[in-house]
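Okay, so the sequence shown: first residue is 1 according to UniProt numbering, each after it adds one.
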Amino acid sequence: MKKAEWKVGIIGAGGISAAHIEALAQEPRAQLCAIADLDEAVARSRVNDYGNPAVYRDYQKMLEQEQLDGVIICLPNHLHEQVAIAVLDAGCHVLCEKPLATSADAARRMAEHARRTGKVLMVGQNNRFRADAQLLKRLLTDDRLGDVYHAKAGWIRRNGIPGWGSWFTDRERAGGGPLIDIGVHMLDLTLWLLNFPRPVSVFGQTYARFGPHKKGLSAWGTVMAEGRFDVEDSAVALIRFDNGFTLNLDASWASHIPKERAYVDLLGETAGASLDFYSQRLRLFQEETGIPVDAEMTPGPQHDRLQLLSNWIGVMAGTEQPICTAEQGVEVLRILDAIYTSAQTGQSVSLD
């Protein structure tokens, strides 16, 4: 096992933990010391090739017995709040998988607890660290697009319902369907690119046309026949901001579309930009002497998980500012809550 300055534990050995474990293996300042999961065999299999860290079934015992500096939470959404608070109370910093919680109220309590304990709480919005997203952020900072007045963002899948009947499709445990699962990524990324403008109103609609019939399933996760599907399988929203900017948000696990997309399209007065995760391309659309000119940029390899981890460690060390703050995680969930409320009531929801 490598020796490093920052001792890290992981709670939850589900699929997403593998990405964090791989990032930890590449970060020289961090050492994976322990992992906790109710299924010890799964946890052990996750870390067999990574220096043989301690494996626990009870995360509380891990916190008591290991001298950890930070903990990465990779649990179902409904467990984020109680576990994060326990980790903070144990004197550890927290990197929590997205979404920060299942509601803005829960996320707000987490953020307040982090402030009281003086510990770092970051949300794992890794897509902010993508090379293409970072390049687009620089273009915006340099005012290459001019005033951005509208955006279209979404993550849409054709057959992408994860683990039918598992916690993913259980509203009580997940907080919702694709809107809070993958739509949260694109909403967060768009808000971050544009420096988090203040939302004033939301109109949203959700649909469940595939999941109730066990259609549109993906290979991710385990199908649990005795489980339930009481979330949406697609959602749309129009969000209006106080500076006049508007955002169309689209999220689906299953839909009859030609191809899957994860995208942010920005419309500015000087130029437009289109970022697409699947093609890993960033395109710029503008005019020169009245003639439309398109430019395509390929930013290079993506190391978003490693960069997220690196930033978290830098924040713990006091040498960096957090790129993904808990307060921003609260704001994202405030908008998602409003979209779900609008879909339930059929009315626009004010956020003033």
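Quick reminder that beta carbons are idealized off the backbone N, C-alpha and C, glycines included.
| message | According to DSSP, is residue 282 part of a helix, a strand, or is it coil? | response | Under the three-state reduction of DSSP, residue 282 is assigned to strand.
| query | Which residues bound the beta strand (DSSP E) around residue 206? | reply | It spans 199-207 - the beta strand (DSSP E) in which residue 206 sits, taken as one unbroken run.
| query | DSSP state of residue 105, grouped into three classes? | reply | DSSP places residue 105 in helix when its eight states are reduced to three.
| Just the Cα atoms here: how many angstroms apart are residue 93 and residue 113? | Taking the straight line from one Cα to the other gives about 12 Å.
| C-beta contact flag for residue 233 and residue 254 at 8 Å | Cβ distance < 8 Å, so residue 233 and residue 254 count as in contact.
| query | Near residue 266, what residues of its chain come up, given a Cβ to Cβ distance below 7 Å and the 5 sequence neighbours on each side ignored? | reply | The beta carbon of residue 266 is closer than 7 Å to those of 145, 148, 151, 272 and 273 in its chain, skipping five residues each way along the sequence.
| task | Locate the beta strand (DSSP E) running through residue 31, then write down its first and last residues. | result | Run containing residue 31: 30-36, per the beta strand (DSSP E) assignment.
| request: Have a look at residue 199 and residue 247 and give me their C-alpha separation to the nearest angstrom. | output: C-alpha separation (whole angstroms): 10 Å.
| field | C-alpha distance - residue 177 paired with residue 171, whole-angstrom precision | value | Approximately 7 Å, taken between the alpha carbons.
| task | Taking only runs that begin and end inside the segment 118-174, name each unbroken beta strand (DSSP E) of 3 or more residues, in chain order. | result | For the beta strand (DSSP E) assignment, the uninterrupted runs of no fewer than 3 residues enclosed by the segment 118-174 are, from N- to C-terminal side, 121-124 and 148-156.
| message | Using the Cβ count rule (16 or more neighbours within 10 Å means buried), how would you classify residue 66? | response | Flag for residue 66 reads buried.
| field | Assigned secondary structure, residue 257 (DSSP; H/G/I helix, E/B strand, else coil) | value | Coil, per DSSP.
| task | Determine the direct distance from the alpha carbon of residue 183 to that of residue 259, and round the result to whole angstroms. | result | Answer to the nearest angstrom: the Cα atoms are 17 Å apart.
| message | For residue 36 and residue 97, what's the separation of their Cα atoms in angstroms? | response | Residue 36 and residue 97: Cα-Cα distance of roughly 15 Å.
| One or two residues paired with residue 305 in a DSSP bridge | In DSSP, residue 305 forms no bridge with anything.
| query | Distance, Cα to Cα, residue 14 vs residue 324? | reply | When the Cα atoms are used, residue 14 and residue 324 turn out to be separated by approximately 22 Å.
| request: Provide the residue span of the alpha helix (DSSP H) that contains residue 64, from first to last. | output: Annotation: the continuous alpha helix (DSSP H) that includes residue 64 extends over 59-65.
| said: Please report the distance separating the alpha-carbon of residue 41 from that of residue 23. | reply: Those two C-alpha atoms are separated by around 21 Å.
| residue 86 and residue 60 closer than 8 Å at C-beta | The answer is yes: Cβ separation under 8 Å.
| message | Quick check: residue 100 and residue 120, are their CB atoms within less than 8 Å of each other? | response | Going by C-beta atoms, residue 100 is not nearer than 8 Å to residue 120.
| said: Can you look up residue 292 in the DSSP assignment and give me helix, strand or coil? | reply: Reduced to three states, the DSSP call for residue 292 is strand.
| message | Please list the terminal residues of the continuous beta strand (DSSP E) segment that includes residue 93. | response | That run of the beta strand (DSSP E) goes 93-97.
| task | Report the option in 173, 195 and 229 whose CA atom is closest to the CA atom of residue 242. | result | Answer by Cα proximity: 195.
| said: Once DSSP output is grouped into helix, strand and coil, what is the label at residue 348? | reply: Here residue 348 sits in coil by DSSP.
| request: For the beta strand (DSSP E) containing residue 100, list its first residue and its last residue. | output: Membership of residue 100 in any beta strand (DSSP E) is not indicated, and neither H nor E is assigned to it by DSSP.
| said: I'd like the list of long-range same chain contacts for residue 205, defined as Cβ closer than 8 Å, with 5 residues on each side in sequence excluded. | reply: Same-chain partners within the cutoff: 235, 236, 237, 342 and 343.
| Can residue 7 and residue 31 be called in contact, C-beta distance under 8 Å? | Pairing residue 7 with residue 31 gives a Cβ-Cβ distance under 8 Å.
| query | Do you know offhand how far residue 218's Cα is from residue 163's? | reply | A straight line joining the alpha-carbon of residue 218 with that of residue 163 spans about 7 Å.
| Who does residue 240 pair with in a DSSP beta bridge? | In the DSSP assignment, the residues bridged to residue 240 are 201 and 246.
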